[in-house]
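K.L.:
In the numbering used here, the protein residues as written are 1095 to 1512.
1. How would you label residue 1433, buried or exposed, when you count the other beta carbons within 10 angstroms and need 16 or more for buried?
2. Ignore the nearest five residues each way along the sequence and tell me which others in residue 1216's own chain have a CB closer than 8 Å to its CB.
3. State the start and end residues of the unbroken alpha helix (DSSP H) segment that holds residue 1236.
4. Run the CB neighbour count on residue 1161, radius 10 Å, all protein chains shown included, and call it buried at 16 or more, exposed below.
5. With the cut-off set at 8 Å, would you say residue 1481 and residue 1352 are in Cβ contact?
6. Please give me, in chain order, every unbroken run of the alpha helix (DSSP H) with length at least 4 that falls completely inside the segment 1302-1383.
7. Do residue 1378 and residue 1213 come within 8 Å of each other at the CB atom, strictly closer than that value?
8. Taking DSSP's pairing of strands, which residues face residue 1243 in a bridge?
9. Of the residues 1193, 1135, 1187, 1234, which one's Cα is nearest the Cα of residue 1374?
10. For residue 1376, does the count of other Cβ atoms within 10 angstroms reach 16, so buried, or fall short, so exposed?
11. State the Cα-Cα distance for the pair residue 1298 and residue 1276, rounded to the nearest angstrom.
12. Quick one: any contact between the segment 1218-1232 and the segment 1150-1157, if contact means 3 or more CB pairs under 8 Å?
13. What do you get for residue 1504, buried or exposed, if any count of 16 or more other CB atoms within 10 angstroms of its CB means buried?
14. Return the residue from the list 1466, 1330, 1493, 1459 that minimises the CA-CA distance to residue 1485.
15. Given 8 Å as the limit, is there contact between the segment 1470-1481 and the segment 1444-1451, that is, 3 or more CB pairs closer than that?
16. Using only alpha-carbon positions, find the residue among 1148, 1230, 1157 that is nearest to residue 1131.
17. Counting only runs that start and end within the segment 1422-1475, where is the alpha helix (DSSP H) found for 4 or more residues in a row?
18. Return the CA-CA distance between residue 1293 and residue 1314, expressed in angstroms with no decimal places.
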């Protein structure tokens, strides 16, 4: 475990993309040092708001090359699930929040019992980190979602063990395919998620996973995928951002259309889902909620992330308050900011790796930055590999026409992947 105490400022290009005047006028908070468990791009994107709010970030992350190291006031180099390192972070800050879910919750509980302030609180994270537990919790609070069960044991024995599941316990021959199989912990960007089209597929996939307990879900033939960012303050105020459409390829988000082209009734239903979830958890912080809109117009919760989320990156440039500023406001006890758009619409495109390389792609980034209304955010990762998120581009639009957003996204992708 290594500590770095010398501050390194964020790159000027990143700071210039953040408007700071309004932030500095916010009500004061006594919390000025925030610990962040995780040092990836989500922590890195807190930099602009942290500077404007007068907040120092103390980061726990494994590698000196992780993006947030460059903007941290202090860094503890240790694995994300190293609770002893988190204890060291706690000694240097006023409150601790999270960039990802790869934590060891039981190991953190003694710190909370000793008075370490975690936001969201550990009890709010507990039902969400395991995907099966999350499904059970959503069922308990009455939120709509796909039918599900957990698999444990040996699928080759035909019997599928599924206690307390909404899919009745059944044997292999009774399952209806296709089905979605998910690792219960540590899956992201499609990793740990598989589509089983036949019982043979299911057996082979589960065997590769070593017959570890997994989540099994009914496959949803959705019309589109939606997402929403919501935040809850220490006083229980909840704000909900515009609902967006996410477009995935190979289970990785490629682009986000803002706002989603959906009815007002669907928007209101999703806002109600977000408020119910955050209030039931008594959570403090920002949450990302992914949803399906079915062909029959039904809204189903796909997945909940108790942190800032890729689907909300557009908020950096297209909203009055970014999700990253909102996270800092929530955990430090400041009033929440407005989630309203500052433009008619927007499109966000992820810049995904398409080769193994150590290039910084400067020429392509400059070309993307020259597009009208474009804001390029480059995460500073030292290595590219296929599917890795290297940065993103947000373009403010003059309308909410999906055709315009799609055309802009196509232009960005043609420049990036050429």
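Glycine is no exception: its CB is placed at the ideal position from the N, C-alpha and C atoms.
P.N.:
From the atom records:
1. As a working mapping, residue 1433 is identified with position 339 in the chain shown. Buried, because 16 or more other Cβ atoms sit within 10 Å of the Cβ of residue 1433.
2. Here the question's residue 1216 lines up with position 122 in the chain shown. Result list for residue 1216: 1199, 1202, 1203, 1206, in chain order.
3. What you label residue 1236 is simply residue 142 of the chain shown in a count that begins at 1. From DSSP, residue 1236 is part of no alpha helix (DSSP H); its letter is neither H nor E.
4. By 1-based counting over the chain shown, the position of residue 1161 is 67. Result: buried.
5. To locate residue 1481, count along the chain shown from 1; it is residue 387. To locate residue 1352, count along the chain shown from 1; it is residue 258. Contact annotation: residue 1481 and residue 1352 have beta-carbon atoms that are not nearer than 8 Å.
6. 1358-1375
7. By one-based count along the chain shown, residue 1213 stands at place 119. By one-based count along the chain shown, residue 1378 stands at place 284. Closer than 8 Å, so yes.
8. Indexing the chain shown from 1 puts residue 1243 at position 149. Residue 1243 is bridged to 1310.
9. Within the chain shown, numbered from 1, the residue matching residue 1374 stands at position 280. Of 1193, 1135, 1187, 1234, the residue nearest in Cα terms is 1234.
10. On the chain shown, position 282 is the one that residue 1376 refers to. With fewer than 16 other Cβ atoms within 10 Å, it is exposed.
11. Along the chain shown, one-based indexing puts residue 1298 at 204. Along the chain shown, one-based indexing puts residue 1276 at 182. Using only the alpha carbons, I get a separation of about 14 Å.
12. no
13. For this step, residue 1504 is matched to residue 410 along the chain shown. Per the 10 Å Cβ criterion, exposed.
14. Position 391 of the chain shown, counted from the first residue, corresponds to residue 1485. Comparing Cα positions, the closest option is 1459.
15. yes
16. Numbered from its first residue, the chain shown carries residue 1131 at position 37. Selected option, being the one with the closest Cα: 1157.
17. 1456-1463
18. Against the chain shown, residue 1293 aligns to sequence position 199. Against the chain shown, residue 1314 aligns to sequence position 220. Straight-line Cα distance between these residues: approximately 18 Å.
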